[in-house]
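A quick write-up on the structure given underneath.
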Amino acid sequence: MKFQSTLLTALFVTTLSTGFSQADSSKGELNFNAYIDLYYGYDLNQPYDNERPDFLFNYGKHNQIGINLALANWEYTKGKLTARLGFNFGDFPNRNMAHEQGLLKALYQANVEYQFAKKASFMMGMFGSHLGFESFASFENLFISHSLASEWTPYYQSGARVTFNPNEKWTLSATVANGTQNITKIPGNTTPALGGQVAFSPNKNITINYSNLYVNDYPDSLAQFMFYNNLYATFTLMNKLDLVTGFDYGINNNTVLDTTNNIMVISFLARYRFSEKWSVGFRAEHYDDPGSVYISTATINPFVTQCYTVGLNYSPMDRVKFRIESRNFTAEKPFYRNDQGTNPYATGTVQYINSNSNILFSVQAKF
């Protein structure tokens with residue numbers, strides 16, 4: 002940790018001494034940007050350990066002020082070459098990258114991209130995922146919290162990607178990665194993850210995207226091959242109403258148990274902008290994982306749930322947002338832990354109910 006702090010301090014001081022942006026025709030251009038997301042969340046089930054349900058990676062603390070995400074990112078460009086290096090800290094990466102080793106937990110991105118043709122580029126390293134309609138940092142998203150579809154598809158990947166833009170309307174990409182979301186390969190695993198993406202934007206207000214991922218995140222002897230499909234469309238109407246519809250479907254083949262399980266996710270998001278500073282949103286989601294492929298519960302009941310969110314956003318300036326939302330999860334069968342502030346392990350009785358609700362407030366700023 003001391004080495005990590007020293008490294009980041011040196012990078013930060015160097016950035017300040019040289020300015021936030023440098024441009025030199027012989028040396029290229031260096032840019033720096035930062036982001037911070039502060040929050041307070043209150044879980045109505047009042048978890049005794051102050052931890053929100055573990056199927057959520059963002060805003061994981063209850064009844065305390067926390068840092069969900071702090072980012073520091075550098076980008077160097079010279080001609081057809083772009084190199085990126087970024088670090089992230091906070092409750093989100095602590096949960097999302099808990100499986101990574103040592104200093105790798107602090108990486109936001111580390112990649113090099115080369116434009117080898119007028120309409121094509123090659124990138125290698127750690128980079129953002131090609132699946133999903135939401136950004137890693139929720140500042141760019143319609144809501145504070147990420148949708149369940151985003152929480153359970155990769156936020157980042159490590160590998161290589163080729164991107165082709167035949168024209169302004171189409172984007173095609175192919176990705177080879179070390180796994181669904183891991184920087185280093187799983188021991189005993191020799192199969193690469195393969196992903197593709199096709200995006201069509203007939204105009205600036207409409208985007209239709211299909212992405213997929215074929216992956217095994219287990220040692221070869223325990224292989225479980227997942228074919229995950231991600232389809233979504235985004236619309237902007239009258240420059241005031243933003244709509245997102247999403248449908249995800251995954252097929253998981255367990256070669257050890259000789260079983261097949263499916264995952265289905267349905268998402269609908271809407272945001273209406275009253276003015277440049279104020280907006281309100283509504284989100285409805287359904288997540289169906291009856292075989293506990295991605296999400297298992299502490300009960301015999303499978304993770305099949307609905308979720309409804311309402312949110313209010315205030316942006317006094319372009320790079321700052323004050324946001325509040327209420328989110329409610331409901332399920333037919335109980336699996337949401339309900340502590341109500343008492344230690345369930347001390348009493349020997351853990352109570353599970355059919356719902357979980359929380360209120361979330363966030364202050365977000367980009368620099």
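Quick note, my numbering runs 1 ahead of the 1-based positions in the sequence shown.
The C-beta atom is built at its ideal place from N, Cα and C for all residues, glycine as well.
Since the model is a prediction, treat every value here as computed from it, not as a measurement.
Among 143, 184, 144 and 365, which one has its Cα closest to the Cα of residue 161? Within the sequence shown, the letter at position 160 stands for residue 161. Minimum Cα distance to residue 161 is reached at 184.
If you run the structure through DSSP and keep just helix, strand and coil, what is residue 361? Here residue 361 refers to the residue found at position 360 when the sequence shown is read from its first residue. Looking at residue 361 - three-state DSSP - the assignment turns out to be strand.
Between the Cα of residue 363 and those of 132, 145 and 304, spot the shortest distance and give me the residue it belongs to. Counting from 1 along the sequence shown, the entry for residue 363 is found at position 362. The option with the nearest alpha carbon to residue 363 is 145.
Boundaries of the beta strand (DSSP E) in which residue 71 is found, first to last residue: Looking up residue 71 in the sequence shown gives position 70. Taken as a continuous stretch (DSSP letters only), the beta strand (DSSP E) holding residue 71 covers 65-79.
Quick one: is residue 296 buried, meaning 16 or more other Cβ sit within 10 Å of its Cβ, or exposed? Counting from 1 along the sequence shown, the entry for residue 296 is found at position 295. So residue 296 counts as buried.
Roughly how many whole angstroms lie between the Cα atoms of residue 270 and residue 239? Counted from its first residue, the sequence shown places residue 270 at position 269. Counted from its first residue, the sequence shown places residue 239 at position 238. Approximately 17 Å, taken between the alpha carbons.
Within 8 Å, do at least three Cβ pairs link the stretch 69-81 to the stretch 47-57? no
Using DSSP with H/G/I as helix, E/B as strand and the rest coil, what is residue 103? Position 102 of the sequence shown, counting from 1, holds the residue named residue 103. In the structure shown, residue 103 sits in a helix (DSSP, three-state: H, G or I).
Measuring CB atoms only, is the stretch 28-37 touching the stretch 350-358, in the sense that at least three cross pairs come out at less than 8 Å? no
Could you spell out where the alpha helix (DSSP H) holding residue 53 opens and where it closes? Position 52 of the sequence shown holds residue 53. Looking at the DSSP string, residue 53 is not in any alpha helix (DSSP H), and its letter there is neither H nor E.
By the 10 Å Cβ neighbour count, where 16 or more other Cβ atoms means buried, how is residue 218 classified, buried or exposed? On the sequence shown, position 217 is the one that residue 218 refers to. By the 10 Å Cβ count, residue 218 comes out buried.
Once the 5 residues before and after residue 231 are set aside, which same chain residues still bring their CB inside 6 Å of it? Here residue 231 refers to the residue found at position 230 when the sequence shown is read from its first residue. 132, 212 and 249.
Please name the residue, chosen from 167, 113 and 91, that lies closest to residue 80 on a Cα-to-Cα basis. Looking up residue 80 in the sequence shown gives position 79. It is 113.
When you compare only the Cα positions, how much space is there between residue 107 and residue 31? Against the sequence shown, residue 107 aligns to sequence position 106. Against the sequence shown, residue 31 aligns to sequence position 30. Straight-line Cα distance between these residues: approximately 21 Å.
Tell me where the alpha helix (DSSP H) around residue 57 begins and ends. By 1-based counting over the sequence shown, the position of residue 57 is 56. Unbroken run through residue 57: none, as it is neither H nor E.
Taking only three categories from DSSP, how would you classify residue 320? To locate residue 320, count along the sequence shown from 1; it is residue 319. Residue 320 falls in the coil class under three-state DSSP.
Boundaries of the alpha helix (DSSP H) in which residue 249 is found, first to last residue: One-based indexing of the sequence shown puts residue 249 at position 248. Here residue 249 belongs to no alpha helix (DSSP H); instead the beta strand (DSSP E) covers 242-255.
Please look up how many angstroms separate the CB atoms of residue 342 and residue 324, rounded, as I've assumed it's under 8 Å. Locating residue 342 in the sequence shown gives position 341, counting from the first residue. Locating residue 324 in the sequence shown gives position 323, counting from the first residue. Actually they are not in contact, since the Cβ atoms of residue 342 and residue 324 sit about 26 Å apart, beyond 8 Å.
Terminal residues of the continuous alpha helix (DSSP H) containing residue 97? Working through the sequence shown from its first residue, we reach residue 97 at position 96. Note, residue 97: alpha helix (DSSP H), 92-97.
Nonlocal neighbours in the same chain, by C-beta distance under 8 Å from residue 345, ignoring five residues either side: Within the sequence shown, the letter at position 344 stands for residue 345. So the list reads 49, 338, 351 and 352, once near-sequence residues are dropped.
Since residue 172 is in the beta strand (DSSP E), which residue starts that stretch and which ends it? Within the sequence shown, numbered from 1, the residue matching residue 172 stands at position 171. Element bounds for residue 172: 171-178.
Let's see if you can read the secondary structure: which residues bound the alpha helix (DSSP H) around residue 348? Mapped onto the sequence shown, residue 348 falls at position 347. Per DSSP, residue 348 belongs to the alpha helix (DSSP H) from 345-348.
Have a look at residue 17 and residue 300 and give me their C-alpha separation to the nearest angstrom. Counted from its first residue, the sequence shown places residue 17 at position 16. Counted from its first residue, the sequence shown places residue 300 at position 299. Confidence is the limiting factor: at residue 17 the pLDDT is only 38, short of 50, which leaves the residue's position unreliable, though a coordinate-based value still follows. For residue 17 and residue 300, the distance between alpha carbons rounds to 52 Å.
Runs of beta strand (DSSP E) lying entirely within the stretch 260-331, each at least 3 residues, in chain order: 260-274, 279-290, 304-318 and 321-331
Using 8 Å as the Cβ pair cut-off and three pairs as the minimum, do the stretch 157-177 and the stretch 123-131 touch? yes
Span separating the alpha-carbon of residue 153 from that of residue 92: For the purposes of this step, residue 153 is identified with residue 152 of the sequence shown, where counting begins at 1. For the purposes of this step, residue 92 is identified with residue 91 of the sequence shown, where counting begins at 1. Each residue's Cα considered, the two are about 17 Å apart.
Rounded to the nearest angstrom, what separates residue 368 and residue 316 at their Cα positions? One-based indexing of the sequence shown puts residue 368 at position 367. One-based indexing of the sequence shown puts residue 316 at position 315. In a straight line, the C-alpha of residue 368 is about 15 Å away from that of residue 316.
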